[in-house]
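Remarks on the structure that follows.
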Amino acid sequence: MGLMDYMEEKINHISREFIIHPGETLKEILEDRNMSQRELAIRTGVKEAHISKLVNCLAPISVSFAKRLEDVLGIEATFWINLQQNYEKESSRL
1 MGLMDYMEEK INHISREFII HPGETLKEIL EDRNMSQREL AIRTGVKEAH ISKLVNCLAP
61 ISVSFAKRLE DVLGIEATFW INLQQNYEKE SSRL
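Residues 1 to 94, numbered by UniProt numbering, are exactly what the sequence shown covers, in order.
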């Protein structure tokens, strides 16, 4: 492996570490508010398994769910939509 290949591999690794799935943000907000995944599921009207997939970065945040988060958490739907779009955009570059 040449120097350029090595550097490109390192840059890609670092870039992946800085791409944040919106589920990570949601998880932090729930922790800050002492809200369980179960409570969020009940208040948003979705299954707890779906919330688990979100906070474990296994599912995207849809526009309809972003609106539910706005209603429950008071954080604008556009915030969640933008996080998801940015995540998808940055992920596609790698």
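Idealized CB from N, CA, C, for every residue including glycine.
(request) Alpha carbon to alpha carbon, how far is Arg-93 from Leu-73? Give it in angstroms, no decimals. (result) 31 Å
(request) Give the range of the alpha helix (DSSP H) segment to which Ala-49 is assigned. (result) 48–55
(message) Out of Ser-91, Gln-85, Tyr-87, Ser-52, which one is the CA nearest neighbour of Lys-27?
(response) Ser-52
(request) Please work out which residues of its chain come closer than 8 Å, Cβ to Cβ, to Ile-75, disregarding the five sequence neighbours upstream and downstream, and give them in chain order. (result) Ile-29, Leu-69
(request) Could you pull the start and end residues of the alpha helix (DSSP H) that Ile-29 belongs to? (result) 22–32
(request) Give me the Cα-Cα distance between Phe-18 and Ala-59, rounded to the nearest whole angstrom. (result) 18 Å
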